[in-house]
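Asker:
Protein chains in written order, with my numbering: chain B, 12 to 364; chain Z, 11 to 285.
Shown next as structure tokens:
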């Protein structure tokens, strides 16, 4: 039996492939949002028709984490019935398998980081009910944005693992690689044809161009090798003051970050208090009372300590806890910071000493 | 596997007032089950419609039947509601969670326990355990301070002659004495001047408000204790209780998972604010 690891999908056959996927999965992919009067952007959404799919995109505002960790999710309901309290577990498996189509390498790496958070000690049923029912058909980037720096943190532009299929746009065709047994079995379907050495060379060339673009961006001229050690030493460096003083601690960066996953747990009940739900909602370590305990003592009362906690919880603490930094260089935190904080600046200057 | 966010239904069997604003609740599960907790471990207590809070298990009453106690002080929205609950109220319990005090490491050593205020809850559970296994441990001492005499908790325990006969030396102090108080006055760390402890043979367990943890640590280090032998139980506002939500982090340490009990060595060099 032939096992295909790389094949070609001609763009004129893409619709057939999409329909094949749609027949077996619910498709989630980048779709164009907004109207003439509202902010146009691309967001991950269910895709029912191929023309809703927007594969030529740079980045979404909200990362794919929201599919697996919704910004507001009911965990269970409670209800008093005939004087008896009844709890109902609201964790649900998706009825159908989903395909996450057109997700970029940085976001795939981010999901593999979240898998550790939600699986390493306790298995989070809400996260995994959806995550393990999702296959990933990733897509390498064509045009990295000015805020992208995946190359610096080793999360792109190419991708080693974490996907079932990985597509690279070669103009009139995609080179599609399998990253799992399931992916390899998908490559058997007849919309694909065999790849030639030339196709593979074209892919290399494509990625080289993308990498070059990333490297040409002078903001990206810093290294993260040894960063953990430098962070450890420079926690009290005056350099931080420049940055945190500009930070409004609005939490935007944490909302758009593909690996930020902090949440609060809250109860909502009707006025009679006999019926309600417990939910988790996205929270942010930048918010003023995030580290406050009963009685009002706040362990991160100063803005600076909250700002630094977020940066350190990307580049140092996760390296200790999970063996990898939690920044994938997607650039969202830079793009959506209205205070104009560019983490690359801070890290570059910190590393330069 | 059980959903770790889903509490188990439990019933408040009995409520007893310990001190103004502090009550001890005896709790059992609706579906009878075994329940055990190491001293220093905590449970997440749910008051449905109000929320959840972490509370030290202050005493295991019946392991087999899953009956235990928590002692809770009125602090915020959820504990205020909780303290108003009458017997037979239905609540939720998750846990036990956390690591607890190092009872194995304490074997064969003297144990000095220091508690401030509501911190006696978890320290008493340790003391009860050590007394139950008295022959495994050396000298046992408990230093306890409260704000006022009326706020001293577990009076039946801390004033008990029987407990002292079993070999637990107890020293008490209050910050603000009343006219009847004949005991010591001042912060609990001052009691360290009054006891003889050998830093080489003693393990210390401390639980209390954050400033007290800091002062006690400084004083103990000054007395020659190794950072490996001083254990502190930290308070943070754990929400998920499974190391995910981020609220209880001290740098990369998650108090709900890696703690709540840490040695001074564990938190040595931690960048975030510890105390």
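Backbone N, C-alpha and C define an ideal beta-carbon position, used for all residues, glycine too.
Cβ atoms of residue 166 (chain B) and residue 330 (chain B): under 8 Å apart, would you say?
Answerer: Counting from 1 along the first chain, the entry for residue 330 (chain B) is found at position 319. Counting from 1 along the first chain, the entry for residue 166 (chain B) is found at position 155. No, the Cβ-Cβ distance between residue 330 (chain B) and residue 166 (chain B) is not below 8 Å.
Asker: Excluding the 5 residues flanking residue 38 (chain Z) on each side, which residues of the same chain have their C-beta closer than 7 Å to its C-beta?
Answerer: The sequence position of residue 38 (chain Z) within the second chain is 28, counting from 1. Take residue 38 (chain Z), set aside five residues on each side of it, and the residues of its chain with a beta-carbon closer than 7 Å to its own are 20, 21, 23, 75, 76 and 77, in chain order.
Asker: To the nearest angstrom, how far is the alpha carbon of residue 92 (chain B) from that of residue 96 (chain Z)?
Answerer: What you label residue 92 (chain B) is simply residue 81 of the first chain in a count that begins at 1. What you label residue 96 (chain Z) is simply residue 86 of the second chain in a count that begins at 1. Using only the alpha carbons, I get a separation of about 19 Å.
Asker: How about residue 280 (chain B): is its C-beta nearer than 8 Å to some C-beta of chain Z?
Answerer: Looking up residue 280 (chain B) in the first chain gives position 269. Chain Z contact via Cβ: present.
Asker: Are the Cβ atoms of residue 101 (chain Z) and residue 55 (chain Z) separated by less than 8 Å?
Answerer: Residue numbering aside, residue 101 (chain Z) sits at position 91 when the second chain is read from its first letter. Residue numbering aside, residue 55 (chain Z) sits at position 45 when the second chain is read from its first letter. For the 8 Å CB-CB criterion, residue 101 (chain Z) and residue 55 (chain Z) form a contact.
Asker: In chain order, what residues of the same chain have a beta carbon less than 7 Å from the beta carbon of residue 110 (chain Z), not counting five sequence neighbours either side?
Answerer: One-based indexing of the second chain puts residue 110 (chain Z) at position 100. Excluding residues within five positions, the ones whose Cβ falls inside 7 Å are 48, 49, 50, 51 and 271.
Asker: Please compile the residues from chain B whose C-beta is within a distance smaller than 8 Å of the C-beta of residue 267 (chain Z).
Answerer: In the second chain, residue 267 (chain Z) corresponds to position 257, counting from 1. Within chain B, the residues near residue 267 (chain Z) are 132.
Asker: Report all residues from its chain with a CB closer than 6 Å to the CB of residue 295 (chain B); omit the five preceding and five following residues, and keep chain order.
Answerer: In the first chain, the residue the question calls residue 295 (chain B) occupies position 284. Taking residue 295 (chain B) as the centre and dropping the five residues before and after it, the same chain places the C-beta of 262 and 265 closer than 6 Å to its C-beta, in chain order.
Asker: In three-state terms, what does DSSP make of residue 102 (chain B)?
Answerer: Against the first chain, residue 102 (chain B) aligns to sequence position 91. Residue state, collapsed to three classes: coil.
Asker: For a contact meaning CB atoms closer than 7 Å, what does residue 128 (chain B) contact in chain Z?
Answerer: Along the first chain, one-based indexing puts residue 128 (chain B) at 117. Those are 254, listed as they occur along chain Z.
Asker: Is there a C-beta anywhere in chain B that falls below 8 Å from the one on residue 106 (chain Z)?
Answerer: Here residue 106 (chain Z) refers to the residue found at position 96 when the second chain is read from its first residue. No, because no Cβ of chain B sits closer than 8 Å to the Cβ of residue 106 (chain Z).
Asker: Is the CB-CB distance between residue 93 (chain Z) and residue 82 (chain Z) below 8 Å?
Answerer: Reading the second chain from its first residue, position 83 is the one you call residue 93 (chain Z). Reading the second chain from its first residue, position 72 is the one you call residue 82 (chain Z). Taking 8 Å as the Cβ cut-off, residue 93 (chain Z) and residue 82 (chain Z) qualify as a contacting pair.
Asker: So, residue 280 (chain B) versus residue 61 (chain Z), is the Cβ gap smaller than 8 Å?
Answerer: Taking the first chain and counting its residues from 1, the one referred to as residue 280 (chain B) is at position 269. Taking the second chain and counting its residues from 1, the one referred to as residue 61 (chain Z) is at position 51. Taking 8 Å as the Cβ cut-off, residue 280 (chain B) and residue 61 (chain Z) do not qualify as a contacting pair.
Asker: Looking at the structure shown, is residue 333 (chain B) part of a helix, part of a strand, or coil, going by DSSP?
Answerer: Position 322 of the first chain, counting from 1, holds the residue named residue 333 (chain B). In this structure, residue 333 (chain B) counts as helix in the three-state DSSP scheme.
Asker: Taking the C-alpha atoms as reference points, what is the distance between residue 242 (chain B) and residue 54 (chain B)?
Answerer: Taking the first residue of the first chain as 1, we reach residue 242 (chain B) at position 231. Taking the first residue of the first chain as 1, we reach residue 54 (chain B) at position 43. Distance between the alpha carbons of residue 242 (chain B) and residue 54 (chain B) is about 34 Å.
Asker: Cutting at 8 Å between CB atoms, please list the residues of its own chain near residue 324 (chain B), excluding the five before and the five after it.
Answerer: Here residue 324 (chain B) refers to the residue found at position 313 when the first chain is read from its first residue. So the list reads 296 and 337, once near-sequence residues are dropped.
Asker: When you compare each of B:184, B:354 and B:189 to residue 175 (chain B) by their alpha carbons, which one comes out closest?
Answerer: Along the first chain, read from residue 1 onward, the residue named residue 175 (chain B) stands at position 164. Closest by alpha carbon: B:189.
Asker: Considering only DSSP beta bridges, list what residue 158 (chain B) is partnered with.
Answerer: Locating residue 158 (chain B) in the first chain gives position 147, counting from the first residue. Note: residue 158 (chain B) sits in no beta bridge, so no partner.
Asker: Closer than 8 Å by beta-carbon distance: list the chain Z residues that pair up with residue 273 (chain B), in chain order.
Answerer: Taking the first residue of the first chain as position 1, residue 273 (chain B) is located at position 262. Near residue 273 (chain B) (Cβ distances below 8 Å), the residues of chain Z are 255, 256 and 257.
Asker: Could you say which of Z:130, Z:240 and Z:236 lies nearest to residue 181 (chain Z) if we only look at CA atoms?
Answerer: Taking the first residue of the second chain as 1, we reach residue 181 (chain Z) at position 171. The option with the nearest alpha carbon to residue 181 (chain Z) is Z:130.
Asker: So which residues on chain Z does residue 287 (chain B) lean against when the C-beta distance must stay under 8 Å?
Answerer: Walking along the first chain from the start, residue 287 (chain B) turns up at place 276. Chain order gives the chain Z residues near residue 287 (chain B) as 58 and 59, where near means a beta carbon separation below 8 Å.
Asker: Work out the CA separation of residue 265 (chain Z) and residue 259 (chain Z) for me, nearest whole Å.
Answerer: Working through the second chain from its first residue, we reach residue 259 (chain Z) at position 249. Working through the second chain from its first residue, we reach residue 265 (chain Z) at position 255. Near 6 Å, if we compare the C-alpha coordinates of residue 265 (chain Z) and residue 259 (chain Z).
Asker: Would you say residue 305 (chain B) lies against chain C (beta-carbon separation less than 8 Å)?
Answerer: This model lacks chain C altogether, as its protein chains are B and Z.
Asker: Counting only Cβ-Cβ distances shorter than 7 Å, please list the residues of the stretch 116–140 of chain Z near chain B, keeping chain order.
Answerer: none
Asker: Are the C-beta of residue 9 (chain B) and some C-beta of chain Z separated by less than 8 Å?
Answerer: Here chain B covers residues 12 to 364 and nothing more, so residue 9 (chain B) does not appear.
Asker: Is any beta-carbon of chain Z found at less than 8 Å from that of residue 277 (chain B)?
Answerer: Locating residue 277 (chain B) in the first chain gives position 266, where the first residue counts as 1. It does; some Cβ of chain Z falls within 8 Å.
Asker: Nearest to residue 240 (chain Z) by alpha carbon, out of Z:159, Z:215 and Z:120?
Answerer: By one-based count along the second chain, residue 240 (chain Z) stands at place 230. Cα-wise, what sits closest to residue 240 (chain Z) is Z:215.
Asker: Could you tell me whether the Cβ of residue 109 (chain Z) comes closer than 8 Å to any Cβ of chain B?
Answerer: Taking the second chain and counting its residues from 1, one reaches residue 109 (chain Z) at position 99. No, no contact with chain B.
Asker: Give me the Cα-Cα distance between residue 254 (chain B) and residue 321 (chain B), rounded to the nearest whole angstrom.
Answerer: As a working note, residue 254 (chain B) is residue 243 in the first chain. As a working note, residue 321 (chain B) is residue 310 in the first chain. Whole-angstrom Cα-Cα distance: 12 Å.
Asker: Run the CB neighbour count on residue 282 (chain Z), radius 10 Å, all protein chains shown included, and call it buried at 16 or more, exposed below.
Answerer: Residue mapping note: residue 282 (chain Z) aligns to position 272 of the second chain, counting from 1. By the neighbour-count definition (other C-beta atoms within 10 Å, threshold 16), residue 282 (chain Z) is a buried residue.
Asker: Using the three-state DSSP reduction, which class does residue 81 (chain Z) fall into: helix, strand or coil?
Answerer: The count along the second chain starts at 1 and reaches residue 81 (chain Z) at position 71. Strand.
Asker: Quick check on DSSP: helix, strand or coil for residue 152 (chain Z)?
Answerer: Along the second chain, one-based indexing puts residue 152 (chain Z) at 142. Three-state result, residue 152 (chain Z): strand.
Asker: Mark residue 158 (chain B) as exposed unless 16 or more other C-beta atoms lie within 10 angstroms of its C-beta, in which case mark it buried.
Answerer: Locating residue 158 (chain B) in the first chain gives position 147, where the first residue counts as 1. Buried, by the Cβ-count rule.
Asker: Checking 8 Å against the spacing of the C-beta atoms, do residue 70 (chain Z) and residue 36 (chain Z) come in under that value?
Answerer: Counting from 1 along the second chain, the entry for residue 70 (chain Z) is found at position 60. Counting from 1 along the second chain, the entry for residue 36 (chain Z) is found at position 26. No, these two residues do not count as a Cβ contact at 8 Å.
Asker: Between residue 105 (chain B) and the rest of its own chain, which residues show a CB-CB distance below 6 Å, the 5 nearest in sequence each way excluded?
Answerer: As a position in the first chain, residue 105 (chain B) is number 94, starting the count at 1. 141 and 144, listed in sequence order.
Asker: Does the structure place the stretch 219–230 of chain B close enough to the stretch 191–205 of chain B that three or more beta carbon pairs sit under 8 Å?
Answerer: no
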